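I have placed the structure first, in the form of structure tokens, so that the comments after it can refer back to it.
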């Protein structure tokens with residue numbers, strides 16, 4: 056005879072631990088059913104957030120009626136999945152455990168969503184399922200009066216400056232929470248009122264009662280220039296005509312490649328100047344003997360050659376190099392004459408002791 060198990064609620068079968076014909080022992084898990092109409096969401100609250108929840112007018116159970124500090128305030132919450140696509144309404148019901156999580160330093164809480172099929176979305180009904188990462192928003196209307204001021208109005212030393220009758224008033228404030236663009240401060244801890252004008256500009260030297268002047272700001276609507284209008288028109292046309300923009304880009308790339316292939320390159324070749332260097336070694340001779348015995352005689356012999364434009368001599372101990380520059384229009388431009396003429400001319404004036412003269416044509420290079 057078969058056994059029939061009936062759940063007292065509608066739900067989803069999440070575990071099937073036995074099949075038909077299996078033998079089971081007492082205590083074995085046959086199946087798990089998750090209630091379809093109710094789901095719990097785990098969230099974490101900081102200690103200061105929990106304190107503001109206890110001091111909130113939105114809590115269903117009054118603060119004075121909470122018997123234990125471990126009892127959570129009953130607050131309606133809004134559950135959001137994927138920004139504003141799906142929204143559910145739930146309630147903050149209980150803590151998970153009795154303590155602070157040592158890893159996150161937060162208090163684990165549970166949010167109960169009664170009807171998880173009823174989502175407030177324009178696309179239709181959506182089901183809140185296990186494993187979803189959702190955002191839980193808890194509306195808080197604190198009983199303690201708060202004042203919201205711009206972030207720029209809060210000074211690093213916990214001061215806020217206000218202006219009253221063209222006089223600077225310095226206030227000491229107690230910061231409750233820092234938001235994205237503003238700061239919440241306690242109204243009962245300062246003389247600052249919501250109607251006061253706070254100072255957001257920096258001041259070099261301040262003291263209470265200092266005479267100040269409020270600068271009037273004129274808000275002028277921004278006007279688009281002709282260039283901005285034309286640029287927006289071009290961008291809008293490019294977005295609407297994507298194939299045309301692709302064709303234009305391909306044309307620009309083709310023109311760039313063609314221009315690179317036809318690019319002219321300029322090169323400066325190396326060339327050797329029209330000069331002849333005569334080197335004569337005179338072993339054991341002093342610079343004076345080298346000058347009188349070699350340099351003067353070499354200069355006299357080379358000056359007789361047609362086309363010499365410049366003659367330079369240097370007398371050192373044991374050697375006498377001479378350098379001559381030829382006129383480009385003379386016949387000495389010929390390779391035979393630039394070497395053989397100085398060699399034959401200079402060889403006739405040397406004594407026997409110096410070595411044979413060595414003539415080099417174009418010893419240097421110019422770029």
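Numbering (the working numbering), first residue to last: 56 to 422. Ideal Cβ positions, reconstructed from N, Cα and C, are used throughout, including at glycine. Note that this is a predicted model, so its numbers are computed, not measured.
At a Cβ-Cβ threshold of 9 Å, residue 215 and residue 247 count as neighbours. In terms of Cα proximity to residue 93, the closest of 371, 283 and 145 is 145. Residue 185 and residue 303 have their C-alpha atoms roughly 51 Å apart.
Contact between residue 127 and residue 149 holds: their C-beta atoms lie close to 6 Å from each other, under 8 Å. The way I'd put it, the stretch 241 to 259 does touch the stretch 200 to 211; three or more beta-carbon pairs between them come closer than 8 Å. Our two residues, residue 355 and residue 366, have alpha carbons roughly 10 Å apart in a direct line. Within the stretch 129 to 168, no alpha helix (DSSP H) run of at least 4 residues lies entirely inside it. Our two residues, residue 201 and residue 242, have alpha carbons roughly 5 Å apart in a direct line. Membership of residue 190 in the beta strand (DSSP E) is indicated by the continuous run 190 to 192. The beta carbons of residue 195 and residue 111 sit about 5 Å from each other, so the pair counts as a contact at 8 Å. Here DSSP, grouped into helix, strand and coil, assigns residue 198 to coil. Between the C-alpha atoms of residue 307 and residue 283 there is a straight-line separation of about 24 Å.
Judged by pairs of C-beta atoms under 8 Å, the stretch 82 to 102 touches the stretch 161 to 171, as three or more such pairs exist. Excluding sequence positions up to five before and after residue 159, its CB lies within less than 8 Å of the CB of 99, all in the same chain and listed in chain order. Excluding five sequence positions before and after residue 245, the CB atoms of its chain that fall closer than 6 Å to its own CB belong to 226 and 228, given in chain order.
In the three-state DSSP reduction, residue 86 falls in the strand class (E or B). Membership of residue 66 in the beta strand (DSSP E) is indicated by the continuous run 66 to 71.
Within the same chain, 223 come within 6 Å of residue 265 by CB-CB distance, once the 5 residues on both sides are set aside.
Taking all protein chains in view, the Cβ of residue 296 is surrounded by fewer than 16 other Cβ atoms within 10 Å, so the residue is classified as exposed. Only residues of its own chain outside the window of five on either side were considered, and among them 136 have a CB closer than 7 Å to the CB of residue 187, listed in chain order. Per DSSP, the unbroken beta strand (DSSP E) holding residue 237 starts and ends at 237 to 241. Non-local beta-carbon contacts of residue 71 in its own chain, meaning distances under 6 Å to residues more than five positions away in sequence, involve 86 in chain order. Between the alpha carbons of residue 83 and residue 91 lies a distance of about 24 Å.
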